[in-house]
Structures are given as C-alpha cells and as structure tokens.
Amino acid sequence: MPTFVYMTSCDGCGHCVDICPSDIMHIDTTYRRAYNIEPNMCWECYSCVKACPQNAIDCRGYADFAPLGHSVRVLREPEKATISWKIKFRDGREKDFVSPIRTTPWGSIRSPADYEAPTADAMNSQKLAHEPEALKIDALPALTRDQFKQGLV
Amino acid sequence: MFSNNPFAELSALIPPTVMQTYVVVMALLVAGGTLFDIMHKKSARYFFKNWQNSKSSAKQQVGGGEMVSIAVRTAVVDVMTSGEFCNMRRRIAHLLTMYGFVIYVVTTVIMVFAYPTSATPAPVNLPALWYIGALMVCLGGYWFWFFIRVDVAAEGNSPFRFVRADLFIVSLVLSVTFGLVWAYVQTTGNITWANVFLALYLLATTVLFGSIPWSKFSHMFFKPAAAMQKRVAEANGTRSNLPAPASAPKIYGSALRQPRHY
Chain Y
63 MPTFVYMTSC
73 DGCGHCVDIC
83 PSDIMHIDTT
93 YRRAYNIEPN
103 MCWECYSCVK
113 ACPQNAIDCR
123 GYADFAPLGH
133 SVRVLREPEK
143 ATISWKIKFR
153 DGREKDFVSP
163 IRTTPWGSIR
173 SPADYEAPTA
183 DAMNSQKLAH
193 EPEALKIDAL
203 PALTRDQFKQ
213 GLV
Chain A
2 MFSNNPFAEL
12 SALIPPTVMQ
22 TYVVVMALLV
32 AGGTLFDIMH
42 KKSARYFFKN
52 WQNSKSSAKQ
62 QVGGGEMVSI
72 AVRTAVVDVM
82 TSGEFCNMRR
92 RIAHLLTMYG
102 FVIYVVTTVI
112 MVFAYPTSAT
122 PAPVNLPALW
132 YIGALMVCLG
142 GYWFWFFIRV
152 DVAAEGNSPF
162 RFVRADLFIV
172 SLVLSVTFGL
182 VWAYVQTTGN
192 ITWANVFLAL
202 YLLATTVLFG
212 SIPWSKFSHM
222 FFKPAAAMQK
232 RVAEANGTRS
242 NLPAPASAPK
252 IYGSALRQPR
262 HY
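Sequences listed follow chains Y and A, in order. The first sequence begins at 63 in the numbering used here and counts up by one. The second sequence begins at 2 in the numbering used here and counts up by one.
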C-alpha cells in the first residue's frame, strides 16, 4: 500500500523526506510539496504517514485486496506516547486501535554520543558498549564454574 | 529617504494616470489569474466535492454559530498567525513576508492613487510604512529562500537552484528589492541608474502578478479554504477518516522537531 500526499494539506516541511528509509519521498518542483517519487519501491513502513505533522500522507491500497471505499488512517501523538489507527472497511464498519509508543519522555534516553568513548581494552571485553551501567544493573548475570553442567569443563 | 514618496518623484517622468492604470492592470491580472487557476486546476470543484463528502458522512451537524466560530478561528490561527506551520522559523519568515507584502501593496496603492505628485505630499508615515513593508518582505523572503526552503534544508539542493515552485518567491523578493533600490537611486539624482532599476522593478512586478496561473501566488486564496475545511471535518466528526485523539495525558513531550541534518 504505497503512500501518497494530499497536496492541499501538505505544508512542505520535509519531515517525510528526512524519515523515508527508501529515500523516495521528495519535494516536487512545481508546488514545493512532498510526493512519493516511486510508489513501486515503497516499503509501506508508514514512517512518513506517522511523521507528517499535518496528517497529509495516506496509503493507497492495491485494488485486488483493498477495494475502493476502505481507509487505513493513523494518528501519532508523541506527547501522549500513543499511536492510533482507524480501519474503515468497504461496508462502512470501523475499527479503532490505540497502542503505546514508549513509556519514557522523548529525549530522556541518552544517545551513544552522550556516553564516554570506550577505551581500546574494551575491544577484548565480552560486554557490549556501556554495559552493565546502561542496563542499570551492577553486574551482568553469569554462571560460576560450579554451576556449569558436569563434564562441560 | 524613508519619508520620500518614490511615486511622487516618478510623476515627473511618468504621468500619474499611467501609474494608476498599471496598478489597475496588475489587480485585474491577480483576479483573472486566480480565476483561471481555479478553473484550470479544478481546485474549486475538488474543494466543494470534499465539502459535500464531509457533510454527507458527518457524524454530527455543525450549527451556524459553530461555523462562525470555526471561521473566526481559521482567520485568526491559520491565516493571521500562519498557525499551519510546524516549523517556528518558517512561521516567522512567512509572517514577515505576508505582513510586509500587505503593508507594501496597500501603501503603494494609497500613494499612487491619493498622493501621486509632489503637489499632493503624502503623510510622512506613509512612505516609511512602504519601506518597512518592503524590508519585511526582503527579510522574510531571503531568509526563507537561502535557509528554510525545504528543497534546500531537507533535500540538500543548492539555494541557487531555480525551479517553477520558486517563481512566486523569486519574483516577489526581486520586485521588492528592485523597488527599494530604485527608490534609493532616485533620491541620489542618478537618472540613468534610476531608470534601469525602474525597468527591473516593473519587469519583476509584472512577472509576480502576471504569472499567477504558473506560480504559487494563489495559495493565499486556497490555503485558508483548505484550513477551514480541515477544522469543519474535525467539528463534524469525520476528521478526514483520522482516528480520534487518544485519551491519554500529554506527559511525554513531542519528538516533532525540525531536523537539521544538512
């Protein structure tokens, strides 16, 4: 179900251009509005649909399995950490879903660049970067030798 | 310089009736170009079809009082304060350009029709307002053109790439810039250069008002209509098929910030 843009709603902010993993959302040269330059290559990831602050992007279902009259619309509300879906069937039935996006405020998770750079010795460690403090535990759980199966060591 | 009515000085070269006729022709070009644009792109037909669809699938009727309230909110939030824009820099640039253009056009019309010659001196504030309006257009326009334009900011294209979408903003800033330069050169008494910049000013202004069927000029007419339709769709419950807002508190903040990747 490749995406398309309602030109009257788009304000040409470029969020969809920035977020599209296929790099197929671009700005047209006639009206300076976003458009999907190659619907065949659309992954249908809905990233642009969810990112659009104007709700100007929609999905066009393929006619063989999504006949005319249906609608799948999504509303992302980062302030509430929710994402809501409205599925409208051709016979008029509607279904609404609300899912949580996350449980912590935006910006509260430190990015890798916020941590100190690891030393060269870290290359020989079995721990991943910033473990165990990034996991908010004192030490990673590990078996002691006496807990191994007999005959393993 | 800021208290000089440039059109009164010009009346020594061009009769006021010619200037007034030019302004009327430009106004007719705006009206004709917008009507042509509406018919050619069938935007009015699309708008009324959407309006009918929204009305027929309405979950609740919108009364006359509520419609007036929606119209007022559209005028105040979406039109007068450019509330549509999610990017604050773009919103400020748009407001500067919009109000600058309105001040610039209104003062031009007043000076050309009410104070066209040196014999009818304009109030001191009127030419000053003309200059302030023009400078506001330049500030907002060039800021937008070089730094905010999405094909520069998000697409990474050169700010000097010119496409059809740029016709409106380029002709607008060039018209105003040449107008300012012409007004300044005219005060210095250099007739040759004043005439050169006058010709450029007239050329850019004619392109601005005459290119409406091909430019984005008419967005100032259809954007308020689209904003009004969006608000009516929310009020009558159709919400353009979008889900209703989730019943959860706004405690997580927003991740919607303008990316600055380039």
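Cβ atoms here follow ideal geometry from the backbone N, Cα and C, with glycine treated the same way.
CB-CB length for residue i against residue j, believed under 8 Å
| i | j | result |
| --- | --- | --- |
| Pro115/Y | Cys75/Y | 7 Å |
| Ile149/A | Arg90/A | 6 Å |
| Ala205/A | Phe179/A | 5 Å |
| Ala236/A | Ile93/A | Going by Cβ atoms, the distance from Ala236/A to Ile93/A rounds to 29 Å, so no, they are not a contact pair. |
| Phe8/A | Met112/A | 5 Å |
| Phe48/A | Gln230/A | 7 Å |
| Glu141/Y | Gly254/A | 6 Å |
| Thr22/A | Arg232/A | Incorrect: roughly 41 Å between the Cβ atoms, too far for contact. |
| Leu127/A | Thr108/A | 6 Å |
| Cys107/Y | Pro83/Y | 6 Å |
Reference residue i; option with closest CA among the options
| i | options | result |
| --- | --- | --- |
| Arg152/Y | Asn242/A, Ala249/A, Tyr253/A, Pro250/A | Asn242/A |
| Ala155/A | Asp80/Y, Thr65/Y, Tyr68/Y, Ser187/Y | Asp80/Y |
| Phe223/A | Leu140/A, Leu173/A, Asn5/A, Leu36/A | Leu36/A |
| Phe102/A | Pro128/A, Met68/A, Val177/A | Val177/A |
| Leu1/A | Ser57/A, Pro244/A, Trp215/A, Gly211/A | Residue 1/A lies beyond the residue range present for chain A, which begins at 2 and ends at 263; the question has no answer from this structure. |
| Tyr93/Y | Ser133/Y, Thr70/Y, Ser187/Y | Thr70/Y |
| Met20/A | Thr207/A, Val78/A, Ser58/A, Lys251/A | Thr207/A |
Span separating the alpha-carbon of residue i from that of residue j
| i | j | result |
| --- | --- | --- |
| Lys148/Y | Asp167/A | 37 Å |
| Thr18/A | Thr189/A | 25 Å |
| Val67/Y | Val111/Y | 9 Å |
| Thr249/A | Phe159/Y | A small correction: the amino acid at residue 249/A is Ala; Thr does not occupy that position in the sequence shown. C-alpha separation (whole angstroms): 14 Å. |
| Leu202/Y | Ser170/Y | 23 Å |
| Ile145/Y | Ile213/A | 40 Å |
| Gly238/A | Gln61/A | 6 Å |
| Met27/A | Tyr97/Y | 33 Å |
| Leu197/Y | Ile163/Y | 20 Å |
| Leu209/A | Met103/Y | 38 Å |
| Ser4/A | Asp176/Y | 56 Å |
| Leu137/Y | Phe145/A | 29 Å |
| Asn88/A | Phe163/A | 23 Å |
| Pro117/A | Asp85/Y | 55 Å |
| Leu175/A | Leu96/A | 18 Å |
| Trp183/A | Cys139/A | 15 Å |
| Thr165/Y | Glu139/Y | 13 Å |
| Phe169/A | Ala123/A | 30 Å |
| Ile252/A | Pro246/A | 15 Å |
| Met63/Y | Gly123/Y | 4 Å |
| Pro194/Y | Asp200/Y | 6 Å |
| Pro225/A | Ser12/A | 38 Å |
| Glu82/A | Ala200/A | The displayed chain sequence assigns Thr, not Glu, to residue 82/A. The straight-line gap from Cα to Cα measures roughly 35 Å. |
Proximity of residue i and residue j at Cβ, strictly below 8 Å
| i | j | result |
| --- | --- | --- |
| Trp168/Y | Ala256/A | yes |
| Ile89/Y | Val171/A | no |
| Ala45/A | Ile39/A | yes |
Bridge partners - residue i, DSSP secondary structure assignment
| i | result |
| --- | --- |
| Ser146/Y | Leu137/Y, Val160/Y |
| Asp73/Y | DSSP output for Asp73/Y lists no bridge partner at all. |
| Ala96/Y | Ile89/Y |
| Cys121/Y | Thr65/Y |
Chain B contact for residue i (CB, 8 Å cutoff)
| i | result |
| --- | --- |
| Ser255/A | Considering every chain present, this structure includes no chain B. Its protein chains are Y and A. |
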